[in-house]
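S.K.: Residue numbers (the working numbering): 15 to 244. Virtual Cβ for every residue (Gly too), placed ideally from N, Cα, C. Model, not experiment: these values are computed from the prediction.
(1) If you follow the alpha helix (DSSP H) that residue 240 is in, where does it begin and where does it stop?
(2) May I have the straight-line CA-CA distance separating residue 219 from residue 189, to the nearest angstrom?
(3) Assuming the contact rule is C-beta atoms closer than 8 Å, residue 232 and residue 186 should be a hit. Round their C-beta distance to whole Å, please.
(4) Excluding sequence positions up to five away, which residues of its chain have a Cβ less than 7 Å from the Cβ of residue 70?
(5) Could you tell me whether the stretch 41 to 48 touches the stretch 134 to 151, where touching means 3 or more Cβ pairs closer than 8 Å?
(6) Can you give the beta carbon distance from residue 155 to residue 33, rounded, assuming they're within the 8 Å contact cut?
(7) Who are the Cβ neighbours of residue 114 in its own chain at under 7 Å, not counting the five residues just before and after it?
(8) Restricting to Cα atoms, I'd like to know which of 171, 119, 53 is closest to residue 95.
(9) Leaving out five residues on either side along the sequence, give the residues of the same chain with a beta carbon under 6 Å from the beta carbon of residue 51.
(10) Roughly how many angstroms separate the alpha carbons of residue 144 and residue 119, rounded to a whole number?
(11) Tell me the start and end of each unbroken alpha helix (DSSP H) in the stretch 158 to 189 that is at least 4 residues and wholly inside, in chain order.
(12) Among 242, 136, 84, 210, which has the Cα closest to the Cα of residue 62?
(13) Should residue 196 be labelled buried (16 or more other beta-carbon atoms within 10 Å of its own) or exposed?
(14) Could you tell me whether the Cβ atoms of residue 26 and residue 236 are closer together than 8 Å?
(15) Can you name, in chain order, every residue of its own chain whose Cβ lies under 7 Å from the Cβ of residue 72, other than the five neighbours on each side?
(16) Spatial neighbours of residue 59 within its chain, please: CB distance less than 6 Å, with the 5 preceding and 5 following residues excluded, ordered by chain position.
(17) Return the chain-ordered list of same chain residues with a C-beta closer than 7 Å to the C-beta of residue 42, the five sequence neighbours on each side being excluded.
Right, dumping it as structure tokens:
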């Protein structure tokens, strides 16, 4: 049985949808699972995209994983080396008490070396719990004025509510076009850019080979920061 302290919990979040957050989350899963045991949790109740992208059963989801048999609601996508818990339906997060959710996270920490949680853009209560206990939080953004405004507002909220003290937040600029960062550099709340993923024309999805080197570089940087901290 593994110890919780050995598990790296990575949350991936953006307050603005459509910035490639889920694509990056699954690209990371592709890379990490080649080296470490991994489970990806989709904390998206809109509902999320994992079931469609990975051809999984939406009826086996995070709500059932918290309330009933944990193991029965873990799925392994065909041809993949990682496990998945898919998100639920729109009202599912309201049915997940904090203690039951914490118990699920502890079980994940007991069984995997890395846990990745893909958090939906619209904030829900349990998402705060995930952010607070995460070892690292990847904050995904595109260099767009609307995204910059959302990110700035989110960081204001983080500071006011002392969420994770923002000490473990890593800012990733996705689909960057051009040489300079224009809008994100003008935010009142500044975070250093941890990594920049360039715009990839006709990207075929999370398992596109052109995305793989970026997933590798992101995880290696995160893992170094994590191991230095612990």
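M.R.: So, from the listed chains and residues:
(1) 226 to 243
(2) Answer to the nearest angstrom: the Cα atoms are 13 Å apart.
(3) 7 Å
(4) Around residue 70: 64, 89, 91, 98, 100.
(5) no
(6) 6 Å
(7) 80, 81
(8) 53
(9) 126, 127
(10) About 9 Å.
(11) Counting only unbroken stretches of 4 or more residues, the alpha helix (DSSP H) elements lying wholly within the stretch 158 to 189 are 159 to 175, in sequence order.
(12) Comparing Cα-Cα distances from residue 62 to each of 242, 136, 84, 210, the minimum goes to 136.
(13) exposed
(14) No; because the gap between Cβ atoms is not below 8 Å, this pair is not in contact.
(15) 61, 65, 100
(16) 101, 102, 104, 106, 107
(17) 130, 229, 232, 233
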